[in-house]
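One structure is given below, encoded as C-alpha cells.
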Amino acid sequence: LQGQGRTVGRLDSRYKGVDVKNAGDSYDYPAELTAWNHAFTPAINHYLRDVLGFETDLKYHVFGPVRPWNDEENDAGEHLRQAMAQNPYLNVMVQSGYYDGATDYFSAKYVMWNLGSRKTMRDRLRFEGYRSGHMMYLRSEDLKTANDHLREFIRDSIPEDGMPAKYGPDRK
Numbered sequence: 546l547q548g549q550g551r552t553v554g555r556l557d558s559r560y561k562g563v564d565v566k567n568a569g570d571s572y573d574y575p576a577e578l579t580a581w582n583h584a585f586t587p588a589i590n591h592y593l594r595d596v597l598g599f600e601t602d603l604k605y606h607v608f609g610p611v612r613p614w615n616d617e618e619n620d621a622g623e624h625l626r627q628a629m630a631q632n633p634y635l636n637v638m639v640q641s642g643y644y645d646g647a648t649d650y651f652s653a654k655y656v657m658w659n660l661g662s663r664k665t666m667r668d669r670l671r672f673e674g675y676r677s678g679h680m681m682y683l684r685s686e687d688l689k690t691a692n693d694h695l696r697e698f699i700r701d702s703i704p705e706d707g708m709p710a711k712y713g714p715d716r717k
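Here's what the structure looks like:
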C-alpha cells in the first residue's frame with residue numbers, strides 16, 4: 546500500500562489510512578479510529594445519559610490522554626509467571642485478533658509459551674485467535690465464537706462438584 550500512499554490501522558489492519566508523507570514510516574491518522582470514534586463515543590454517551598440516567602460534565606474519550614506513563618519496569622510476562630507459580634489453580638486464556646498490530650496474537654503466544662516449563666504452566670494456557678483486529682467483538686462471527694470460548698474456559702476452570710482443585714495436567 547505504500548506505493549499508493551496508504552497505510553493500515555495499527556489496532557486493526559483491515560482499515561486503510563493515508564500516509565501523507567508517502568514514506569511508510571508513519572501515518573496521517575489512525576485509520577481504524579475514524580470509524581470507531583464516531584461509533585463508540587456517541588453510543589456510550591447515549592447509554593450513560595439516556596438509558597442509565599447518569600449525568601456528568603466529564604467528556605468520555607475512547608482513547609484518553611494517558612501518556613506519559615512510566616513503563617520502564619513493565620514486565621507483565623514475569624508478573625504473570627510469578628502469579629501462576631504461586632497459584633497452581635490459575636488458568637489463563639488469551640483471546641486476540643489476527644489483525645491487531647498493537648497486542649498481536651503471535652507475540653502474546655510467544656511470551657506465554659516462554660513463561661515456564663510445559664508441565665507446570667503451559668497446560669494452564671489457552672489461546673484463541675479470531676479474524677478480527679483489537680476489538681474482536683466488532684465482527685459478529687468472532688463475538689459469538691469468543692463468547693463461546695470464554696464460557697467454555699470458565700466451565701473448564703471450575704472443578705467438578707465434590708472434587709478438590711488439583712495441580713497439574715491430570716486435574717480434570
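The opening residue of the sequence shown carries number 546 in my numbering; numbering runs sequentially from there.
Note that beta-carbon positions come from the ideal geometry of N, C-alpha and C, so glycine has one too.
| Check | Outcome |
| --- | --- |
| Leaving out five residues before and five after Glu577 in sequence, what residues of the same chain have Cβ atoms less than 7 Å from its Cβ? | Gly554, Leu556, Asp557, Tyr560, Gly678 |
| Do Tyr643 and Arg671 have their C-beta atoms closer together than 8 Å? | no |
| Closer than 7 Å: is that where the CB of Lys604 sits relative to any heavy atom of the ligand FAD? | Looking for the ligand FAD in the displayed structure turns up nothing, as the structure carries no ligands at all. |
| Is Leu625 helix, strand or coil by DSSP? | helix |
| Ends of the alpha helix (DSSP H) at Arg700? | 685-702 |
| Do Arg669 and Leu625 have their beta-carbon atoms positioned less than 8 Å apart in this structure? | no |
| Whole angstroms is fine: what's the gap from Glu686's alpha carbon to Trp658's? | 27 Å |
| Any chance you could list the alpha helix (DSSP H) runs of at least 4 consecutive residues sitting entirely within the segment 583-670, in chain order? | 621-631, 650-658 |
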